[in-house]
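K.L.:
Residues -25 to -1, 1 to 129 in mature numbering (1 follows the signal peptide of the UniProt record, and there is no 0) are what the sequence shown lists, from first letter to last.
For each residue, glycine too, the CB sits at the ideal point set by N, CA and C.
Next up is a structure, given as structure tokens.
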Amino acid sequence: MKKSRLLIVLAGLAVVASGCGYSTGGEDSTVTVIEATPTPTPEPTPEATPTPEATPTPAVEMAQTASGVNIIKQSGTYYAVEGVNVRSDCSTDADIITGTLVGQQLTSTGVSEDGQWVEVSINDQTGYVNAQYVSTEAPAGAATAGAAAQTTAQ
């Protein structure tokens, strides 16, 4: 009886094993290969960099002299590098308003488009000096000449 039970159990195992897809590798066997598709790693979305607002370029203010020379309005300080005549217009033929001393400080209100003339404010008048006779840097000894000009004016 023990032998018969053992035979029954073995026969049952053989039936179960063949029904579970157990194969010996013969012609009827099939192998299914499943390829796994990798899941892409999401990349972080870059943050948008704000575009800075453009700084508006100020409009160039222009004026025109009586002789038709265009003056670009801008403030500045110039010094006479030698005695120079301050004229009523941008021309060596224009009337002389006054003269300057070497080193005298001049308050500029503009420059001609071609850079040849500097518009200055002197003695409550607007005048023009030739740019070759003035500089934005004070010449050596300008403090002494400026002090002498102020003393003479008083």
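Mind listing, in chain order, the continuous alpha helix (DSSP H) runs of no fewer than 4 residues lying wholly within the region 12 to 41?
P.N.:
Listed in chain order, there is nothing to give.
K.L.:
Going by DSSP, name the residue or residues bridged to I46.
P.N.:
For the purposes of this step, residue 46 is taken as the residue at position 71 of the sequence shown. Per DSSP, A38, S87.
K.L.:
Since I believe G78 is in contact with A55 (beta carbons under 8 Å), could you give me their beta-carbon distance rounded to a whole number of angstroms?
P.N.:
The count along the sequence shown starts at 1 and reaches residue 55 at position 80. The count along the sequence shown starts at 1 and reaches residue 78 at position 103. The pair is a contact, with the Cβ atoms about 6 Å apart (cut-off 8 Å).
K.L.:
G74 lies in the beta strand (DSSP E); which residues open and close that run?
P.N.:
Sequence index remark: in the sequence shown, residue 74 carries index 99 (1-based). Element bounds for G74: 71 to 74.
K.L.:
Classify G43: buried if its beta carbon has 16 or more other beta carbons within 10 angstroms, exposed otherwise.
P.N.:
Counting from one through the sequence shown, the residue named residue 43 turns up at place 68. Classification for G43: exposed.
K.L.:
Going by the DSSP bridge assignment, what does Q100 pair with across the sheet?
P.N.:
Taking the first residue of the sequence shown as 1, we reach residue 100 at position 125. Paired residue(s): I97.
K.L.:
Applying the 10 Å Cβ sphere with the 16-neighbour rule, what's the burial state of I46?
P.N.:
Counting from one through the sequence shown, the residue named residue 46 turns up at place 71. By the neighbour-count rule (16 or more Cβ atoms within 10 Å), I46 is buried.
K.L.:
How would you label T24, buried or exposed, when you count the other beta carbons within 10 angstroms and need 16 or more for buried?
P.N.:
The residue labelled residue 24 in the question sits at position 49 within the sequence shown. With fewer than 16 other Cβ atoms within 10 Å, it is exposed.
K.L.:
CB-CB under 7 Å to S63, same chain, minus the five flanking residues each way: which ones, in chain order?
P.N.:
Translated into positions along the sequence shown, residue 63 becomes position 88. A69, D70, I72, G102, listed in sequence order.
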